[in-house]
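Structure first, then comments.
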Amino acid sequence: QTMYAMDVWGDGFFSINDKGNVCVKPIEGMDISVDINDVIAEALAEGSTLPLILRFQDIISSRVKRLNRKFREAIEGAGYEGVYRSIFPIKVNQLQEVVAEVIEAGREFDIGVECGSKAELMAALPMIGSDTLMLCNGVKDHVMLTMMLNAQQLGQQVIPIIEKYSEFEQLMILADQRELKPRLGVRVKLNTRGAGRWYESGGARSKFGLTVPELVRLVKILEKRGQGDCLELLHFHLGSQISDIQVLRSAVKEITQIYADLVLRGVSVKFLDVGGGLGVNYGGDYDNPESSINYGLREYANVVVYAVKEICDERGVPVPTLLSESGRALTAHHSMLVVPVLGVHRPDSPPMHDETPPDSPSVVSRMETAYEEARSTDVTGILLECYHDAREAREEADQLMRLGYMTLDQLAHTDSLYWSTCREVLQKLAAAQLTPPPTEQLELEEQLTDLYLCDFSVFHSIIDHWAIQQVFPVMPLHRLQERPDRRAQVVDLTCDSDGKIDQYVHGHSNTSWLPLHSHKHGDAYHIGIFLVGAYQEILGDAHNLLGRVDEVHVYAKEDETGNFWIEETLKGICIKDMLSQVQYFPNDLDRRMSELIRKQINAGVIKAAEGTRILNNYTKRLDESTYCTTEVVR
Ligand code: PLP
């Protein structure tokens, strides 16, 4: 568990059982431990294919409850005379089953939803009744504003949050046309800037929000119309994955002062919305703020509750209902990606143990000496010297080969000895546990790292790793009672050199390689990529036309038939549908393929029966997954 730092990122949901398999305990307070390998086996037996998303729906529910309970505890502890409601921003994961699970789990806490675009608004409107609070952020045209006013007329609790002053003007015109008193909120541009990758979402230069002068102008207009009570909500958003809790504290204080001023001048704002940004600990180093945070749920709740109460008490105003638009923190943990290893590429050549080829130039014997010396010493200085000598000899051998002064046998012998020297030196340096490790050791680790080719696309399934170097926990899902003996890097199917995972949570730091077990081609070896439930699926792209993967939705339960059930299986995109998205249509492809085959039959290149077999094979594959199969021909 510590090798892969499960204790840092697992949040109590994941563990390893005595068979060496990764298990999930998705329901808080219940001791049901589901072996992830059993889930994979059942999903495959029911027709799913790898790579596969496993969605543990109970984890969503556990996270929703945990967040809301932490706020309830903070409210009780502080004697806060108000309540907290969490608002789920559906942009984090729009899948209907995910949103429904959040709403269901949050019912007892009066959870609400947030949407940020026209399509999200239209997806969410029919899903909420008349009690669920719904906030609308993002740029709003008159079509969206009209839909929100329609919803208000229907009695739904829909509040547009004004991001630009012109939205307010449009909203008031539309409301006047139907003689309605609109409900609205305002996003305020605070001076506090965020902390973390998305810090520019907050601060005076952020893309969205009203400046304080714009807010005052808006308030004065409402007051003039005798509609001060239309402004129900104040909101700020510092950006996702806030890395430093002090920044949040400062922003909460700033917005609460604005709230208090408004209340004192008679504008009875009801809700104070501290936006998203509640972070998740992915196990990143401290110098990687996209992947680590310096607080937990309890501290987050305490900071919000106590800061608001302190200022309201000082200013003598009633406390507002607190809202947070936490998304990542509710959904990141619930889903994981299972990827099979398709093959392993070892960059080093294996030892050849051959005699020295005849007539070898002196560089060959220099390489032999470097290897022998590395074998016979443990002294760091001498080991480094052996490595330097071997490196220099290899470069020289390369040049001699290019000039035609070395035979293939001589080069192979030298190359093989070079790698044997590297392995010897690295093994001994690693055993010495020098801190900090010499740069040569890091260089050798990189050179001697195996590439584990896995059936997935970084660009589709964990795009934040490619785009912003976010760290995701990665580890084998089985064989964990065996010590992993290989240094490995996971690479994907795409033809892009960026299609790899090059930062891992390893022990309690991040490394460019991960310990994995030796793998034999054709054997099943499954790797899990964890905490992918927030943003990744919807941001992912179709690089190399590798699209949506299969997924199963799993619930834990305890009865005589086992301890989980697969509630739903969704097929990933097939080749035919993927191709249609880029304007290749199956009928046309089929027609072209059969013409091509007919021509070859007519020209006598193949027999008619062979032609039919080739065409059928092509047509059948159009309905299959865009990913590889793990079956091998034996
Ligand atoms: N609210 C707004 C306005 C956002 O832009 C976002 C995303 O950045 C969120 C909420 C959700 O943030 P998070 O997933 O970090 O909680």
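For the sequence shown, full-length UniProt numbering begins at 15 and goes up steadily by one. Heads up, the beta-carbon is just placed ideally off N, CA and C, and yes, glycines get one too.
Collapsed DSSP secondary structure at residue i in the structure displayed
| i | result |
| --- | --- |
| residue 224 | strand |
| residue 509 | coil |
| residue 620 | coil |
| residue 99 | strand |
| residue 85 | helix |
| residue 650 | The structure shown does not extend to residue 650, since the chain is modelled only from 15 to 648, so the question has no answer here. |
| residue 128 | strand |
| residue 359 | strand |
| residue 280 | coil |
| residue 658 | No answer is possible for residue 658: the residues shown for the chain start at 15 and end at 648. |
| residue 105 | helix |
| residue 556 | coil |
| residue 328 | helix |
| residue 145 | coil |
| residue 645 | coil |
Through-space distance from residue j to residue i, alpha-carbon basis
| i | j | result |
| --- | --- | --- |
| residue 476 | residue 482 | 10 Å |
| residue 370 | residue 466 | 33 Å |
| residue 405 | residue 533 | 29 Å |
| residue 410 | residue 372 | 18 Å |
| residue 567 | residue 443 | 46 Å |
| residue 609 | residue 630 | 13 Å |
| residue 278 | residue 140 | 37 Å |
| residue 103 | residue 113 | 9 Å |
| residue 484 | residue 65 | 21 Å |
| residue 319 | residue 99 | 12 Å |
| residue 177 | residue 555 | 28 Å |
| residue 452 | residue 580 | 50 Å |
| residue 169 | residue 143 | 9 Å |
| residue 239 | residue 233 | 10 Å |
| residue 402 | residue 295 | 40 Å |
Counted within 10 angstroms of its Cβ, other Cβ atoms place residue i as buried (16 or more) or exposed
| i | result |
| --- | --- |
| residue 332 | exposed |
| residue 136 | exposed |
| residue 509 | exposed |
| residue 134 | buried |
| residue 44 | exposed |
| residue 76 | buried |
| residue 499 | exposed |
| residue 448 | exposed |
| residue 384 | buried |
| residue 450 | exposed |
| residue 190 | exposed |
| residue 187 | exposed |
| residue 94 | buried |
| residue 552 | exposed |
| residue 354 | buried |
| residue 539 | buried |
| residue 599 | exposed |
| residue 184 | buried |
| residue 424 | buried |
| residue 507 | buried |
| residue 479 | buried |
| residue 266 | buried |
8 Å Cβ cutoff met for residue i and residue j
| i | j | result |
| --- | --- | --- |
| residue 262 | residue 248 | no |
| residue 268 | residue 308 | no |
| residue 638 | residue 587 | no |
| residue 280 | residue 257 | no |
| residue 344 | residue 74 | yes |
| residue 70 | residue 348 | yes |
| residue 5 | residue 30 | Any answer about residue 5 is impossible in this case: the structure gives the chain only from 15 up to 648. |
| residue 200 | residue 235 | no |
| residue 96 | residue 130 | no |
| residue 488 | residue 504 | yes |
| residue 259 | residue 179 | no |
| residue 460 | residue 374 | no |
| residue 342 | residue 255 | yes |
| residue 128 | residue 149 | yes |
| residue 560 | residue 471 | yes |
| residue 428 | residue 62 | no |
Residue i Cβ short of 7 Å to the ligand NAD heavy atom set
| i | result |
| --- | --- |
| residue 343 | For the ligand NAD, the structure offers nothing, since it holds only the ligand PLP. |
Next on the checklist: Suppose only complete runs of 4+ residues qualify. What are the alpha helix (DSSP H) ranges in the UniProt domain "Arginine decarboxylase helical bundle" (372-456), listed by chain order?
Outcome noted: 376-390, 394-416 and 422-446
Checklist entry - What are the start and end residues of each continuous alpha helix (DSSP H) run of 4 or more residues lying completely inside the region 474-543, in chain order? => result 477-482
Checklist entry - Where are the alpha helix (DSSP H) runs, 4 residues long or more, that stay fully inside the region 48-86, in chain order? => result 50-59
Checklist entry - If you scan the region 236-266 from start to end, which runs of the beta strand (DSSP E) of 3 or more residues do you find wholly inside it? => result 245-249
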